[in-house]
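Scroll down for the structure; my scribbles are underneath it.
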Amino acid sequence: MSSNERMTKITLVGTKDTMKETIEILHSLKIIHIVDFKEQDETFEIGKSLGEVSKFSELLLSIRSLLSKFDIRPDKIKKTYSQREVSRELEKEVLETENVLKSYNEKISKLTSIIKEIDKIKAIGELKDIGIQKNLISSIDNVVSSKSELEKQRDKLKAQMESTIKEKSTYLLQYEDFLSTEIEKMEAPLRFTTTKNTFIVEGWVPEKKYQSLKDILKKKFGDRVNLDKIKYSDDESVPVDFKHPTPVKPFELLLELFEYPKNREIDPTFAIFITFPLFYGIMLGDIGYGLVIFFASLFMKTKFKTEGWEMILGILEYSSIYTIVFGFIDGEFFGFDIFHLLGIKEIFGLKMPILNRIVDFMPIMILSILIGVMHVLLGLVFGFINVYREHNLKEAILKKGGWIILIFSIILLASSLYLSDILLYFGGALLSVSIVLLVIGEGFIGLIEIFGIMSNILSYVRLMAIGLSSVGIAIVINSIVVDIIFPKGGIFLLLGYCVLIVGHIGNILLGILASFLHALRLHYVEFFTKFYEGGGIKYKPFGI
Amino acid sequence: MAELAVIVLVLSSVASVIVTGFAAAWAEKHIGSAAIGAMTEKEELFSKGLVLTVIPETIVIFGLTVSLVLLFVVLPQLL
Chain E
1 MSSNERMTKI
11 TLVGTKDTMK
21 ETIEILHSLK
31 IIHIVDFKEQ
41 DETFEIGKSL
51 GEVSKFSELL
61 LSIRSLLSKF
71 DIRPDKIKKT
81 YSQREVSREL
91 EKEVLETENV
101 LKSYNEKISK
111 LTSIIKEIDK
121 IKAIGELKDI
131 GIQKNLISSI
141 DNVVSSKSEL
151 EKQRDKLKAQ
161 MESTIKEKST
171 YLLQYEDFLS
181 TEIEKMEAPL
191 RFTTTKNTFI
201 VEGWVPEKKY
211 QSLKDILKKK
221 FGDRVNLDKI
231 KYSDDESVPV
241 DFKHPTPVKP
251 FELLLELFEY
261 PKNREIDPTF
271 AIFITFPLFY
281 GIMLGDIGYG
291 LVIFFASLFM
301 KTKFKTEGWE
311 MILGILEYSS
321 IYTIVFGFID
331 GEFFGFDIFH
341 LLGIKEIFGL
351 KMPILNRIVD
361 FMPIMILSIL
371 IGVMHVLLGL
381 VFGFINVYRE
391 HNLKEAILKK
401 GGWIILIFSI
411 ILLASSLYLS
421 DILLYFGGAL
431 LSVSIVLLVI
441 GEGFIGLIEI
451 FGIMSNILSY
461 VRLMAIGLSS
471 VGIAIVINSI
481 VVDIIFPKGG
491 IFLLLGYCVL
501 IVGHIGNILL
511 GILASFLHAL
521 RLHYVEFFTK
531 FYEGGGIKYK
541 PFGI
Chain G
1 MAELAVIVLV
11 LSSVASVIVT
21 GFAAAWAEKH
31 IGSAAIGAMT
41 EKEELFSKGL
51 VLTVIPETIV
61 IFGLTVSLVL
71 LFVVLPQLL
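Residue numbers (the working numbering), protein chains in the order written: chain E, 1 to 544; chain G, 1 to 79.
The following block contains the structure:
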């Protein structure tokens with residue numbers, strides 16, 4: 001499960017004359033996560049940027065303002081330029097484009113204002129009866145007649161401007177891309193430590209790539225640049241480079257909102273991938289709502305292309321599939337009891353619907369609590385492994401083992417109500433063992449925490465409760481429309497459909513939000529507190 | 001005597017929803033305004049604020065559970 005790359009902390013020391021080439025190499029390799037240097041003193045200070053950054057950034061700024069002003073969007077940028085082209089020519093061309101576009105813009109806005117003036121004058125001309133001089137009226141008519149000519153000219157100018165923008169846009173986009181990487185490279189020394197004749201880069205690289213980086217640098221610079229592994233303390237934040245398969249990827253967002261895992265900690269993303277949509281589906285559980293969310297998120301994916309949106313829509317997409325599945329189990333389609341309405345009593349010998357959420361809330365509540373027990377238990381097992389990795393087996397048993405045994409004893413005690421009394425004795429024995437472990441491990445405060453873990457488990461009842469409220473609202477909307485509004489007939493039919501659509505849209509929005517937040521809360525508050533420490537940072541290699 | 005017990009039971013189940021509903025709303029009101037306040041300082045806190053705001057909803061969920069158990073598990077035994 002912890003398939004993420006191991007990171008090594010490195011320092012790279014070199015003589016200053018190799019700095020530029022080193023930056024070039026590091027930038028093209030895209031593997032080093034640079035740690036910014038901050039505390040300077042007499043010998044060590046922050047490096048100075050290479051070249052004329054200010055000129056470059058001014059240029060970049062004017063390109064960006066052109067891009068945003070004329071609404072040029074990056075599609076696929078082809079890298080057709082070479083490095084030599086950046087120079088005075090580029091600057092000249094950017095300025096020229098800027099001027100051309102500006103002059104077009106000015107002319108167009110002038111023409112527009114003139115056309116507006118003419119419209120005003122036209123209004124005066126219509127007041128012929130108040131006795132304006134005749135020659136004045138004829139000149140007004142003259143001006144008015146030139147309006148269409150002016151409009152034609154304006155349209156022509158607009159078309160010309162459009163074609164110029166089209167012609168220049170790919171070029172502008174390319175240079176925007178190029179300049180921003182160039183500036184990143186030039187400003188890289190601001191993140192380094194420098195002395196009089198040397199520079200030092202501190203950072204992280206994936207352990208697997210360390211040797212190849214060392215070889216490359218050795219081949220290029222010989223002894224003038226030196227790369228070394230250094231030790232790091234446990235409480236340093238280590239960058240995390242997730243290596244998840246594509247389906248699991250969106251769920252990294254939920255960790256990003258919380259905190260990235262610490263270096264040797266279990267990465268819970270895969271567990272979230274399984275449980276999050278499950279909880280979501282249990283809470284929302286409606287075929288119609290699931291379909292709406294599924295297609296809405298598919299549609300929004302084509303509109304919003306930023307990484308954050310893609311992740312959130314990905315999560316919604318997976319969750320909506322579970323929602324549809326649980327919709328079949330609950331037999332709900334926009335709150336209607338679909339199997340009952342269609343007259344389907346059973347499918348493959350199974351009574352349909354398998355669980356009606358209004359009538360069978362008791363079994364669902366028990367199921368929710370069982371899910372809660374499993375989920376908290378999973379969290380505790382993760383915690384056990386974490387403590388075992390960080391310390392030793394004894395510590396793990398004292399810190400987390402006590403809780404695991406406690407949960408098992410609760411399961412035994414609860415099932416003794418239904419099965420046999422012998423389980424009661426086993427449960428009691430386990431309970432006393434766990435209490436002893438808890439007192440040794442966490443002191444007497446551990447005993448108070450028992451109530452905490454009970455309320456954690458009971459908190460999963462929300463899987464039933466949120467679902468019940470969502471179905472409740474849907475049924476209320478349906479019965480208002482079907483039982484009260486529709487029987488009146490006539491114009492009320494239209495009103496009925498309006499109420500149905502607005503009501504269900506509202507309920508879907510509420511359902512998306514409530515189910516999402518409560519599923520999230522179950523993970524953050526009930527699950528993560530059992531094992532998760534966090535404190536890692538995102539792996540951002542230099543050059544991306 | 002049994003009638004009195006039924007009345008008390010129904011009233012308690014009503015009270016458990018109403019009171020916990022008000023409690024959750026009251027808690028959420030304070031958390032919500034604090035979250036909005038934090039958001040004006042730092043906009044990235046929106047997601048954390050949103051999650052924090054739903055945390056006290058547990059209160060009303062427990063209330064609902066208690067009321068359902070009273071009505072559908074305990075009440076039939078009295079009748």
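C-beta: ideal position from N, C-alpha, C; glycine also.
Since this is a predicted model, take the numbers as computed values, not measurements.
Interface flag for residue 61 of chain G against chain E is set, since a Cβ pair is found closer than 8 Å.
Beta-bridge pairing by DSSP links residue 539 of chain E to no other residue. Following the DSSP letters along the chain, one finds residue 9 of chain E inside the beta strand (DSSP E) bounded by residues 7 to 15.
Contacts with chain E at 8 Å (Cβ-Cβ) include residue 50 of chain G. Assigned with DSSP and collapsed to three states, residue 260 of chain E falls in strand. Pairing residue 457 of chain E with residue 449 of chain E, the inter-Cα distance amounts to about 13 Å. Identification of chain G residues near residue 459 of chain E by a Cβ-Cβ cut-off of 9 Å yields 58, 61, 62, ordered along the chain. For residue 516 of chain E, the closest of E/231, E/322, E/118, E/531 by C-alpha to C-alpha distance is E/322. Three or more pairs of CB atoms, one per stretch, sit closer than 8 Å, so the region 280 to 289 of chain E contacts the region 313 to 332 of chain E. Counting the other Cβ atoms within 10 Å of the Cβ of residue 26 of chain G gives fewer than 16, which makes it exposed. With contacts defined by Cβ atoms closer than 8 Å, residue 268 of chain E and residue 240 of chain E do not form a contacting pair. Judged by DSSP secondary structure, residue 202 of chain E falls within the beta strand (DSSP E) whose first and last residues are 198 to 206. Excluding five sequence positions before and after residue 71 of chain G, the CB atoms of its chain that fall closer than 6 Å to its own CB belong to 13, given in chain order. By the beta-carbon neighbour count (other beta carbons within 10 angstroms, threshold 16), residue 464 of chain E is buried. By the Cβ-count criterion, residue 68 of chain E is exposed, with fewer than 16 other Cβ atoms from all chains shown falling within 10 Å of its own Cβ. Taken in chain order, the whole alpha helix (DSSP H) runs of length 4 or more contained in the region 281 to 313 of chain E are 287 to 303. In summary, residue 135 of chain E is exposed, with fewer than 16 beta-carbon neighbours lying within 10 Å of its beta-carbon over all protein chains present. At the C-beta level, residue 75 of chain G and residue 9 of chain G come within 8 Å of one another. What residue 79 of chain G touches in chain E, judged by beta-carbon distance under 8 Å, is nothing: the nearest beta carbon there is about 17 Å away. Residues of the region 515 to 543 of chain E with a Cβ closer than 8 Å to any Cβ of chain G, in chain order: 517, 518, 520, 521, 524, 525. For the region 251 to 279 of chain E, the set of residues with a beta-carbon nearer than 7 Å to any beta-carbon of chain G comprises 257, in chain order. Note that the C-beta distance between residue 232 of chain E and residue 372 of chain E is not below 8 Å. By the Cβ rule, the region 429 to 448 of chain E does not count as touching the region 498 to 505 of chain E, because fewer than three pairs are nearer than 8 Å.
Shown here, residue 339 of chain E sits in a helix according to DSSP, grouped into three states. When rounded, the separation of the alpha-carbon atoms in residue 306 of chain E and residue 398 of chain E is 45 Å.
When Cβ-Cβ separations below 8 Å define contact, residue 55 of chain G makes contact with chain E. It is roughly 16 Å from the alpha-carbon of residue 38 of chain E to the alpha-carbon of residue 237 of chain E. When secondary structure is reduced to three states using DSSP, residue 79 of chain G falls in the coil class, being assigned neither helix nor strand. For the region 348 to 375 of chain E, the beta-carbon criterion of a distance under 8 Å to any beta-carbon of chain G is satisfied by 361, 362, 365. In this structure, the beta-carbon distance from residue 43 of chain E to residue 66 of chain E does not fall below 8 Å. For residue 465 of chain E, at least one C-beta of chain G is nearer than 8 Å to its own C-beta. Ranked by Cα distance from residue 451 of chain E, the options E/6, E/149, E/406, E/519 are led by E/406. Beta bridge pairing from DSSP links residue 247 of chain E with no other residue. Rounded to whole angstroms, the separation of the alpha carbons of residue 544 of chain E and residue 219 of chain E is 24 Å.
The DSSP assignment places complete alpha helix (DSSP H) segments of no fewer than 4 residues inside the region 98 to 149 of chain E at 134 to 145, in order along the chain. The beta carbon of residue 150 of chain E sits closer than 8 Å to the beta carbons of 111, 114, 115, 118 from its chain, once the five residues preceding and following it are set aside; these are given in chain order.
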